[in-house]
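End of the sequence shown sits at 195 in numbering that gives the first Met the number 0; the numbers just go up one at a time, nothing left out.
Note that CB positions come from ideal geometry on N, CA and C, so glycine has one too.
What follows is a set of notes on a single structure, which appears directly below.
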Amino acid sequence: MRTYTPGKSNLSEQSWQYDLDAHDRIVSIGPGWSEFALENQAPAIAATGDVVGRPIWDYIHDEGTRDLYAALFAVARSGREIVVPFRCDAPTLKRYMVMSITSLADRGLRLTSTMLRSETRPYQPLLDPAARRSDEWVTVCAWCKRARIDDLWIEIDEATARWDAFGDGPVPRLTHGVCYDCYKNVMHEVEAAKHR
Ligand SMILES: [Zn+2]
C-alpha cells in the first residue's frame, strides 16, 4: 500500500505572480511561487534564483501550450487584460485556478494565478513525482489536467479507476499537451479579448 503525505499547506495567499520582460524572460517572482512549486512537488522551479532571467519558454514544452501562451501574450501586450481558467492539481487535490495576464511598461507582462477553489480527492499516483514509473507514457492536458486515454480526455481519477492496473505497480510517465476543448476555449478568450 502506497502512502502519500502532502506537504504542510500554508499558502498564505492562494495565488502566485511573476513578471516577464519584452523578451518573455522572467524578471521577478512573487512570494507565492516557491510555495506553489513546492506544493506541486516541482523543486526544479521552486528556487527563484534559478528561474529569474530564464525565458518562460524553458518551462513550456508542448507545442499546443506554447501556441496558446504566444496568443495570450500578444493580446495582453495590446493592452487588453486576459483571464483564462486552468487546473493546477496535486496528487490529492484538484485546484481550480484562473490566470490573468496584464501588460506592464516596456512590453512587459504580469501573470497572476489565483486559486478559486480546491477539492480533495483520493491519492493519484500519476501526479506524484515520487511514484514509480513504467516505460509507458500518458499525455495530460496542461490546462484541465485530464489525461488522454484512447483518444478520450478523462479526469485522472477516472483514468486511475479504469486502469485499475495502477494499484501498487508503476504508473506511466507524464507528458503534457492541450486537449481540443482547452485549445478551443483559450483561443475563444483570445478572440473575445481582441474585440473588447
Ligand atoms: Zn484540457
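Where the beta strand (DSSP E) through residue i begins and ends
i: D134; result: 132-140
i: A160; result: Per DSSP, A160 belongs to no beta strand (DSSP E); it is in the alpha helix (DSSP H), 155-161.
i: A146; result: 146-148
i: R86; result: 81-86
i: P171; result: 170-176
With 16 other Cβ atoms within 10 Å as the buried cut-off, status of residue i
i: A129; result: exposed
i: G197; result: This structure cannot settle anything about residue 197, because the visible part of the chain is limited to 0 through 195.
i: R195; result: exposed
i: P54; result: exposed
i: W15; result: buried
i: T119; result: exposed
i: P121; result: exposed
i: Y17; result: buried
i: L19; result: buried
i: L115; result: exposed
i: Y179; result: exposed
i: H187; result: exposed
i: A158; result: buried
i: S112; result: buried
i: R131; result: exposed
i: V185; result: buried
i: T2; result: Caution is warranted here: a pLDDT of 41 is assigned to T2, below 50, making its placement in the model unreliable, and the coordinate value is therefore given only provisionally. By the neighbour-count rule (16 or more Cβ atoms within 10 Å), T2 is not buried but exposed.
Counterpart residues of residue i in DSSP-defined beta bridges
i: S117; result: R94
i: L126; result: According to DSSP, L126 bridges with nothing at all.
i: I239; result: Residue 239 lies beyond the range of the chain shown here (0 to 195); nothing can be said about it.
i: R109; result: D18, T101
i: W152; result: R147
Closest residue to residue i among the options (Cα-Cα distance)
i: L71; options: K193, H194, V189, R195; result: V189
i: A146; options: V177, R131, T91; result: V177
i: G78; options: R109, M96, P90; result: R109
i: Q123; options: L19, D150, D156; result: D156
i: W152; options: P169, Y182, V170, A21; result: Y182
i: A75; options: N184, G107, H175; result: G107
i: K193; options: V170, G29, I81, L92; result: I81
i: G168; options: E135, H175, N184; result: E135
i: H175; options: V97, T64, E154; result: T64
i: V50; options: A69, V26, D66, Y68; result: V26
i: R172; options: L126, M96, A73; result: L126
Span of the alpha helix (DSSP H), counted from its first residue to its last, around residue i
i: H187; result: 179-193
i: Y68; result: 62-76
Any C-beta of chain C under 8 Å from that of residue i
i: A70; result: Reference to chain C is not applicable here, since this structure consists of a single protein chain.
Cβ contact check for the stretch 136-153 and the stretch 97-108: 3 or more pairs under 8 Å
Too few Cβ pairs lie closer than 8 Å, so no.
Is the stretch 78-87 in contact with the stretch 57-66, if contact means three or more CB pairs nearer than 8 Å?
The answer is no - the stretch 57-66 does not touch the stretch 78-87, with fewer than three Cβ pairs under 8 Å.
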